[in-house]
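>
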Amino acid sequence: DRTVARRATYTTCRREDDQPGWKPAWYLSAERLRTDSGEGVGVAENVQLHFMGLSSPALPSVSFPLNDQRKSGLLPPVVGVDNVNGLELTLPYYWNIAPNRDATFTPTVMSKRGVNVANEFRYLEKDYSGEVRLDVMPDDRLRSRDRWGLWLRHRQNFDAGTLGTDTLSGSVAIDRVSDDDYWRDFTRTPSLTSRQLSADGSLNWTKGDWSGRLFAQKWQTLTYAPAPILPAYDRLPQLTANYALYDWNGFDFSFNNELTRFRANAAEQGQPNADRLFSQVQLSRPFVRPGYYVTPKLTLSGTSYSFDGPLSNGATSANRTVPTFSVDSGMTFERETRLFGNSYTQTLEPRLFVVDTPYRDQSRLPVYDTAKSDLSLASLFTENEFTGNDRISSTRAATVGLTSRLIDPDNGFERGRIGIAQRWRFSDQLVTLPGGTPSTDRASDIVTGAQVNINPQWSVEGAVQYNPQRDKSERRAITARYTPGPYRTLSAAYRYQDDRISTNNAGYESIDLGWQWPLNDLWGDKGTPKAGGGLGGGRWYAVGRVNYSLRDKVVTDAVMGVEYDGCCYIGRVVLEKVSTGVATATKRIMFQIEFMGFTSIGTSPMRTLQTNVPRYRSLREPTLAPSRFSNYE
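In terms of this note's numbering, the sequence shown opens at residue 66 and continues consecutively.
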């Protein structure tokens with residue numbers, strides 16, 4: 066099981082029969098190479114990496130695995146350039162603690178800031194799993210303070226028999242950082258897409274038709290003066306218990322209960338903290354027949370508040386009970402039709418939704434978790450025009466909608482869909498959020514949406530919110546995608562939202578372009594798709610995505626780069642711009658050479674490309690799903 070080779074070389078580059086004088090693009094040379102197949106380990110002495118005629122400095126000794134098993138040791142160094150951090154040099158170390166546990170320590174030297182150490186620990190057991198990451202930067206020179214970030218995820222299944230339940234599970238998720246500027250200074254750290262960071266834990270159970278959850282959540286709000294936000298309320302804790310019974314003599318019945326302690330800075334919020342009990346009973350009777358359905362439903366919602374301090378009227382408690390009656394109905398008509406020479410099944414699906422909720426004065430009730438619902442084709446067919454449980458709208462209205470689909474009769478694939486809906490009020494909707502105004506318009510905005518899958522290559526989708534009173538579209542969006550084959554995809558999107566319906570009157574108008582395309586197509590060399598292996602060697606690919614604000618006339622976010630497939634190696638150069646404020650952005654360049662079957666050098670842009678470029682495909686895709694512990698970026 067043991068072998069020794071002297072003056073050995075190793076490469077994954079393949080020599081073709083018609084290539085006299087062939088030399089591999091890269092190879093590894095060693096004065097002495099020892100392998101132990103029993104232990105699954107190889108050791109090379111006086112090692113050099115040769116690439117395109119260039120040679121790396123010799124390393125005295127390098128050990129490496131002979132199979133797909135993980136092995137402790139140094140990972141390839143990573144070099145990057147960032148306009149905020151400066152020159153970055155990273156030298157990760159991987160520790161294979163056990164088959165179900167590992168850790169990675171990633172020290173990074175940043176020329177403008179100092180040293181940041183990222184520590185990640187992962188574990189996987191029969192009944193629980195999780196990961197923890199802690200980033201620490203002592204004495205950040207740009208901010209003159211210590212910086213840190215913590216991200217933790219834990220999931221666990223418990224013995225349900227202990228409490229006499231059918232299932233019992235729990236989870237913990239913690240996101241915390243050292244200061245308000247962390248999200249702008251460290252844009253590549255996890256869970257920083259939001260300035261509201263949550264630390265929460267839950268215990269979930271089911272027992273027959275019952276289910277419930279014990280939940281606690283505490284927020285960290287990262288302030289930013291040009292774009293202030295009000296901190297969310299902590300839930301310390303929240304207890305839910307729900308009962309659902311379906312097809313009970315044709316009826317569906319549910320009984321939902323939620324008890325929450327809302328806690329925050331009362332002076333900052335301008336209202337007292339509170340304990341809130343919300344209960345809701347629903348009884349519906351679906352009548353479903355071929356071609357149509359009718360579902361009447363009765364809902365009774367009750368809410369009880371206990372405040373830590375008096376309201377403006379001196380009350381320290383409040384109660385609210387609101388009944389709701391609704392009827393949802395629809396029909397489906399079908400016909401065979403032909404379009405552009407193809408046969409389709411076309412449907413016509415009218416829908417009528419009627420809701421009647423009487424007015425209850427809720428103007429003195431504080432708001433803890435409630436907001437106005439975003440107008441959409443889905444929200445127009447709901448009873449309550451608010452999300453959360455602090456407001457129940459006095460909606461007396463009918464929503465009329467119409468949907469038509471084109472279905473391929475051979476495979477049932479939906480080739481196209483278009484829908485339109487509008488709500489008509491029978492009376493004013495008088496329930497508002499603080500500072501809001503009643504809805505007195507008899508007709509809501511008209512909402513339309515469409516999606517067309519012209520063929521497997523082309524797809525187009527769009528949506529419009531049109532205000533008939535102003536004769537203006539308040540919101541519109543259209544997206545087109547073209548994917549003629551593997552590693553070829555183009556996408557373009559246009560989005561607009563009026564100030565009037567935007568939070569803080571902050572509307573937008575932007576275009577978004579994304580692409581992955583072989584540049585060799587320009588000179589007719591289209592190549593042949595390989596199974597998980599690109600289009601063949603010697604090919605360049607352009608990749609990228611750009612978001613441009615038409616209102617501000619500026620590129621807000623961008624990813625642009627090129628990839629080169631050299632058969633046994635892949636080279637990537639990618640530029641990235643991420644907006645971190647009203648007038649600030651982080652820019653960096655990622656350069657990587659991946660030696661297939663061996664290692665990679667440089668900063669990997671793969672996560673950036675996969676996250677940002679629509680339908681991006683890696684030039685090398687594994688044929689089998691990898692272990693969750695095998696890939697590192």
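The beta carbon of each residue, even a glycine, is placed where N, CA and C say it ideally should be.
Given a threshold of 16 other Cβ atoms within 10 Å of its Cβ, counted over all protein chains shown, does serine 459 qualify as buried or as exposed?
buried
> Taking only the alpha-carbon atoms, compute the straight-line gap between leucine 348 and arginine 354 and give it to the nearest angstrom.
Each residue's Cα considered, the two are about 20 Å apart.
> Suppose only complete runs of 3+ residues qualify. What are the beta strand (DSSP E) ranges in the segment 548-573, listed by chain order?
553-562
> Find out if the Cβ-Cβ distance for the pair arginine 610, valine 678 is shorter than 7 Å.
yes
> Can you tell me whether serine 692 is buried or exposed, with buried defined as 16 or more other CB within 10 angstroms of its CB?
Model confidence at serine 692 stands at a pLDDT of 38, short of 50, so the residue's coordinates are unreliable and nothing is read from them.
> To the nearest angstrom, how far is the alpha carbon of histidine 219 from that of alanine 238?
7 Å
> Taking its Cβ as the centre, do 16 or more other Cβ atoms sit within 10 Å of leucine 363, making it buried, or is it exposed?
With fewer than 16 Cβ atoms within 10 Å of its Cβ, leucine 363 is classed as exposed.
> Roughly how many angstroms lie between the CA atoms of glutamate 698 and tyrosine 613, to the nearest whole one?
Since pLDDT at glutamate 698 reaches only 33, below the 50 mark, its modelled position is unreliable, and the value read off the structure follows with that caveat. Cα-Cα distance, rounded: 28 Å.
> According to DSSP, which residues form a beta bridge with aspartate 299?
Arg328
> Here's a check: name, in chain order, each residue in its chain whose Cβ is nearer than 7 Å to the Cβ of threonine 288, leaving out the five neighbours to either side.
Asp245
> Decide if the segment 263-280 is in contact with the segment 302-314; the criterion is three or more beta carbon pairs, one per stretch, under 8 Å apart.
yes
> With 16 as the cutoff for other CB atoms within 10 Å, does phenylalanine 343 come out buried or exposed?
buried
> Could you tell me the boundaries of the beta strand (DSSP E) in which tyrosine 92 lies?
Tyrosine 92: member of the beta strand (DSSP E) spanning 91-101, first to last residue.
> Alpha carbon to alpha carbon, what distance is there between methionine 671 and leucine 207?
28 Å
> Assuming alanine 70 contacts leucine 114 under a Cβ cut-off of 8 Å, what Cβ separation, rounded to an integer in Å, is found between them?
Incorrect: roughly 17 Å between the Cβ atoms, too far for contact.
> List the residues that DSSP assigns as beta-bridge partners of threonine 68.
Thr100
> So for glutamine 530, helix, strand or coil by DSSP?
strand
> On the three-pair Cβ rule with 8 Å, is the segment 422-435 touching the segment 522-540?
no
> Got a sec? Which residues, its chain only, sit under 8 Å from proline 533 by beta carbon, not counting five neighbours each side?
The beta carbon of proline 533 lies closer than 8 Å to those of Ala508, Asp510 and Ile511 in the same chain, with the five residues before and after it left out.
> Measuring alpha carbon to alpha carbon, tell me which residue in Val197, Thr155, Thr74 and Thr544 is nearest serine 669.
Thr155
> Under the three-state reduction of DSSP, which class applies to aspartate 586: helix, strand or coil?
DSSP places aspartate 586 in helix when its eight states are reduced to three.
> Give every residue of the same chain whose Cβ lies closer than 6 Å to the Cβ of glutamate 96, excluding the five residues on either side of it in the sequence, and list them in chain order.
Glu110 and Asn111
> Helix, strand or coil for aspartate 439? Go by DSSP, reduced to three states.
Residue state, collapsed to three classes: coil.
> Within 10 angstroms of the Cβ of glycine 626, are there 16 or more other Cβ atoms? Answer buried if so, exposed if not.
By the neighbour-count definition (other C-beta atoms within 10 Å, threshold 16), glycine 626 is a buried residue.
> Have a look at Arg385, Phe352 and Ala380 and flag the residue whose alpha-carbon is nearest the alpha-carbon of glycine 367.
Arg385
> Pull the bridge partners of isoleucine 658 from the DSSP assignment, please.
Gly636 and Ile666
> Could you check if tyrosine 188 belongs to the surroundings of the ligand COA, using beta carbon to heavy atom distance under 6 Å?
In terms of ligand content, the structure shown is empty, and the ligand COA therefore cannot be addressed.
> Over what stretch of residues does the beta strand (DSSP E) that includes threonine 701 continue unbroken?
Beyond the ends of the chain as shown, which are 66 and 698, falls residue 701; an answer cannot be given.
> Need the endpoints of the beta strand (DSSP E) that tryptophan 489 sits in, please.
Run containing tryptophan 489: 479-490, per the beta strand (DSSP E) assignment.
> Could you check what DSSP says for methionine 396 in three-state terms: helix, strand or coil?
Three-state DSSP puts methionine 396 in a strand.
> With three or more beta-carbon pairs closer than 8 Å as the criterion, would you say the segment 407-422 touches the segment 469-488?
yes
> Between the C-alpha atoms of serine 575 and leucine 615, what's the straight-line distance to the nearest angstrom?
5 Å
> In the DSSP output, what is threonine 422 paired with across the bridge?
For threonine 422, which the question treats as bridged, DSSP gives no partner whatsoever.
> Using three-state DSSP, classify serine 45 as helix, strand or coil.
Residue 45 is absent from the model: the chain starts at 66 and stops at 698.
> Around the Cβ of glutamate 479, are there at least 16 other Cβ atoms within 10 angstroms (buried) or fewer (exposed)?
Glutamate 479 counts as exposed, since fewer than 16 other beta carbons sit within 10 angstroms of its beta carbon.
> Name the DSSP beta bridge partners of threonine 305, please?
Arg278 and Glu323
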